[in-house]
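Asker:
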Amino acid sequence: MSEVKILLAEKEMPTRWYNIQADMTELPDPPLHPATKKPIGPEDLKPIFPMGLIMQEVSRERWIEIPEEVQKILRLWRPSPLYRARRLEKALDTPARIFYKYEGVSPAGSHKLNTAAAQAYYNKVEGVKRLATETGAGQWGIALSQACNFFGLKCTVYMVKVSYNQKPYRKSVMEIFGSNVIPSPSNLTESGRKILAENPESPGSLGIAISEAVEDAARHEDTNYSLGSVLNHVCLHQTVIGLETKEQMAKAGYYPDVVIGCCGGGSNFAGFAFPFAHDKLTQDAKVRLVAVEPISCPTLTRGLYEYDYGDVAGLAPIVKMYTLGAAFMPPGIHAGGLRYHGDSPLLSKLVRDGVVEAIALGQTSVFGGAVQFARCEGIIPAPESAHAVQAAIQEAVAAREAGEARTILFNMSGHGLLDLPSYDLYMAGKLEDYPLPEEDLRAALEKLPKI
Ligand SMILES: *Cc1c(COP(=O)(O)O)cnc(C)c1O
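Residue numbers (our numbering): 135 to 585.
(1) Identify whether Asn402 lies in helix, strand or coil by the three-state DSSP scheme.
(2) Taking the DSSP output, what are the residues bridged to Lys139?
(3) If I follow the unbroken alpha helix (DSSP H) through Tyr298, where does it start and stop?
(4) Where does the unbroken beta strand (DSSP E) through Cys396 begin, and where does it stop?
(5) State the beta-bridge partners of Trp211 as determined by DSSP.
(6) Secondary structure at Phe233, three-state DSSP: helix, strand or coil?
(7) At a cut-off of 7 Å, would you count Gly400 as near ligand 1, judging by its Cβ distance to the nearest heavy atom?
(8) Relative to the C-alpha of Cys282, which residue among Thr249, Tyr234, Ala271 is closest?
(9) Do you know offhand how far Gln372's Cα is from Gly362's?
(10) DSSP three-state call for Tyr560: helix, strand or coil?
(11) Are three or more beta carbon pairs between the region 470-478 and the region 180-198 nearer than 8 Å?
(12) Determine the direct distance from the alpha carbon of Ala384 to that of Pro319, and round the result to whole angstroms.
(13) What residues match up with Val453 in a beta bridge as DSSP calls it?
(14) Just how far apart, CA to CA, sit Tyr443 and Gly341?
(15) Kindly indicate which three-state DSSP category Tyr389 falls into: helix, strand or coil?
(16) Is the beta carbon of Lys263 less than 8 Å from the beta carbon of Leu278?
(17) Give the list of continuous beta strand (DSSP E) stretches no shorter than 3 residues that lie fully inside the region 466-522.
(18) Which same chain residues end up closer than 7 Å to Tyr256 when comparing Cβ atoms and leaving out the 5 residues on each side of it in sequence?
(19) Below 7 Å, is the gap between the Cβ of Phe403 and the nearest heavy atom of ligand 3?
(20) Evaluate the contact criterion for the region 427-442 versus the region 456-465: three or more CB pairs, one atom per stretch, below 8 Å.
(21) Identify whether Arg264 lies in helix, strand or coil by the three-state DSSP scheme.
(22) Between which residues of its own chain and Cys510 is the CB-CB distance below 6 Å, once the five residues before and five after are set aside?
(23) Taking the alpha carbon of Thr357 as the point to measure from, which residue in Cys289, Arg540, Asn321, Ser306 has its own alpha carbon closest?
(24) For the beta strand (DSSP E) holding Phe544, just list the boundary residues, first then last.
(25) Could you compute how far the alpha carbon of Tyr560 sits from the alpha carbon of Thr498?
(26) For Asn314, which residues does DSSP report across the bridge?
(27) In whole angstroms, what is the alpha-carbon distance linking Ala562 and Ile182?
(28) Compute the beta-carbon to beta-carbon distance between Glu518 and Gly338, rounded to the nearest angstrom, for a pair I have assumed lies under 8 Å.
(29) Examine ligand 1 and report whether any of its heavy atoms sits within less than 7 Å of the Cβ of Trp274.
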């Protein structure tokens with residue numbers, strides 16, 4: 135076997151997703167209807183989601199079969215490689231072993247196609263013609279555009295306006311795959327028009343774009359809504375990452391002491407770490423699970439664990455999660471995919487229960503780690519993934535100082551080849567850290583719904 139690359143054969147790709155809800159002693163509190171504030175049932179979600187996904191959202195079955203049509207798409211790039219970062223280990227002069235799973239090999243360049251393919255499939259089989267969604271920096275928009283293209287669905291993407299203007303390449307990719315890309319806030323929805331009336335120059339936010347996409351889906355019979363993170367079924371679809379990684383680590387002959395992933399809405403972290411959380415929940419494994427977020431959007435490390443809206447207009451369900459408040463306007467840091475005000479309810483609950491720990495890093499150290507990693511390993515990390523890279527570097531340095539041969543495992547959720555303007559700013563010394571001021575945090579948290 136190769137010294138640095140641990141591969142699985144195509145036939146070793148997982149054929150079932152792992153559902154952590156089967157192993158949690160206590161589930162998160164139920165989602166609530168935004169108007170009545172009563173627990174919602176499957177019927178409430180039917181106007182915007184297909185039944186196949188709604189049932190996964192509430193399932194407590196441990197294993198859920200991956201439909202053959204979805205496996206066919208996943209096999210275009212899966213199983214993805216696991217690498218041992220030997221050159222990085224050497225550069226850090228650490229006794230630690232550093233492994234990373236690489237999701238940048240998907241056609242979308244990130245992990246997001248794992249769930250996009252599944253979501254497009256379930257909508258297709260239930261007769262839906264079009265999906266509406268939001269995208270921040272554009273990775274999710276690309277993944278869903280590709281998946282809709284594969285399954286013959288139309289796709290409308292509400293793209294946060296500031297990114298639409300600053301990241302034209304991602305819009306080009308979505309359009310190549312046939313999507314209609316609309317800068318948000320737009321005048322096509324009531325939610326968008328309301329924001330524009332208050333502030334015609336609004337740069338937009340993920341919370342606003344979600345409201346526009348949900349409204350579009352709710353108003354059109356043939357259209358459903360699709361979300362790229364946060365929800366239970368999204369975390370479920372991403373578990374192919376961690377399931378493969380466990381097999382690969384076994385082939386390499388190691389079990390991790392620490393498992394690290396970056397965290398925006400929580401889906402790549404969940405997909406990577408939940409199969410290891412299974413070992414903690416059912417076999418008392420000692421592995422540490424570490425979610426890494428930016429100090430400018432510190433949901434897990436400084437947010438409250440409360441019921442909050444998922445979007446700005448209050449159209450999406452109210453969920454119990456760590457949150458900075460739906461009114462939170464994240465500063466323009468360069469890891470666009472890590473700027474959501476909330477987090478996956480499943481991940482939030484596991485953090486609350488002490489199964490998962492969370493840390494926050496500033497973007498200057500994050501880009502520093504990413505450049506060091508790129509120079510050793512040859513892959514330029516997505517700015518989001520770079521948070522996991524830097525956390526792994528810090529663990530390896532701590533291992534050196536303690537003289538311990540720890541096994542460190544992290545998820546490289548995507549590559550950064552469409553994020554080069556951010557790297558340019560870093561290289562020119564123009565990136566700054568934006569720790570979230572306490573006043574801003576308190577102001578946004580004052581607007582939580584009263585339950
Ligand atoms: C979207 C994105 C993220 C953040 O989303 P999660 O749901 O927290 O995984 C992280 N990395 C990459 C490359 C992304 O595109």
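Note that beta-carbon positions come from the ideal geometry of N, C-alpha and C, so glycine has one too. All of these numbers come straight from a predicted model, not from anything done at the bench.
Answerer: Here's the rundown:
(1) Residue numbering aside, residue 402 sits at position 268 when the sequence shown is read from its first letter. Looking at Asn402 - three-state DSSP - the assignment turns out to be helix.
(2) As a first step, residue 139 is located in the sequence shown; it is residue number 5 there, counting from the start. The partner list for Lys139 (beta bridge, DSSP) reads Tyr217.
(3) Position 164 of the sequence shown, counted from the start, is the residue given in the question as residue 298. Per DSSP, Tyr298 belongs to the alpha helix (DSSP H) from 295-300.
(4) Mapped onto the sequence shown, residue 396 falls at position 262. Its beta strand (DSSP E) spans residues 392-396.
(5) Counting from 1 along the sequence shown, the entry for residue 211 is found at position 77. Answer is none; Trp211 lacks a bridge partner.
(6) For the purposes of this step, residue 233 is taken as the residue at position 99 of the sequence shown. Three-state result, Phe233: strand.
(7) On the sequence shown, residue 400 is found 266 positions in, with the first residue counted as 1. Answer for Gly400: yes, Cβ within range of ligand 1.
(8) Position 148 of the sequence shown, counted from the start, is the residue given in the question as residue 282. Among Thr249, Tyr234, Ala271, the Cα nearest to that of Cys282 belongs to Thr249.
(9) Indexing the sequence shown from 1 puts residue 372 at position 238. Indexing the sequence shown from 1 puts residue 362 at position 228. Roughly 10 Å separates the two Cα atoms.
(10) For the purposes of this step, residue 560 is taken as the residue at position 426 of the sequence shown. In the structure shown, Tyr560 sits in a helix (DSSP, three-state: H, G or I).
(11) no
(12) The count along the sequence shown starts at 1 and reaches residue 319 at position 185. The count along the sequence shown starts at 1 and reaches residue 384 at position 250. Approximately 48 Å between the Cα atoms of the pair.
(13) Locating residue 453 in the sequence shown gives position 319, counting from the first residue. Checking the DSSP bridge columns, you'll see Val453 partnered with Asp442.
(14) Within the sequence shown, the letter at position 309 stands for residue 443. Within the sequence shown, the letter at position 207 stands for residue 341. Going by the C-alpha atoms only, they are around 9 Å apart.
(15) Taking the first residue of the sequence shown as 1, we reach residue 389 at position 255. Three-state DSSP puts Tyr389 in coil, outside helix and strand.
(16) Along the sequence shown, read from residue 1 onward, the residue named residue 263 stands at position 129. Along the sequence shown, read from residue 1 onward, the residue named residue 278 stands at position 144. No.
(17) Restricted to the region 466-522, the beta strand (DSSP E) segments that are unbroken, complete and at least 3 residues in length are 491-495, listed in chain order.
(18) What you label residue 256 is simply residue 122 of the sequence shown in a count that begins at 1. Taken in chain order, the residues that qualify are Pro184, Gly186, Leu187.
(19) Ligand 3 is absent from the structure shown, which contains only ligand 1.
(20) yes
(21) For this step, residue 264 is matched to residue 130 along the sequence shown. When secondary structure is reduced to three states using DSSP, Arg264 falls in the strand class.
(22) What you label residue 510 is simply residue 376 of the sequence shown in a count that begins at 1. Arg221, Leu222, Ala225, listed in sequence order.
(23) Translated into the one-based positions of the sequence shown, residue 357 becomes position 223. Its Cα nearest to that of Thr357, the residue Cys289 stands out among Cys289, Arg540, Asn321, Ser306.
(24) Counting from one through the sequence shown, the residue named residue 544 turns up at place 410. Here the beta strand (DSSP E) through Phe544 covers 541-546.
(25) Here residue 560 is taken as the residue at index 426 of the sequence shown, counted from 1. Here residue 498 is taken as the residue at index 364 of the sequence shown, counted from 1. For Tyr560 and Thr498, the distance between alpha carbons rounds to 7 Å.
(26) For the purposes of this step, residue 314 is taken as the residue at position 180 of the sequence shown. The partner list for Asn314 (beta bridge, DSSP) reads Thr290.
(27) Indexing the sequence shown from 1 puts residue 562 at position 428. Indexing the sequence shown from 1 puts residue 182 at position 48. Our two residues, Ala562 and Ile182, have alpha carbons roughly 45 Å apart in a direct line.
(28) For the purposes of this step, residue 518 is identified with residue 384 of the sequence shown, where counting begins at 1. For the purposes of this step, residue 338 is identified with residue 204 of the sequence shown, where counting begins at 1. Actually they are not in contact, since the Cβ atoms of Glu518 and Gly338 sit about 19 Å apart, beyond 8 Å.
(29) Position 140 of the sequence shown holds residue 274. Under cutoff, so the answer is yes.
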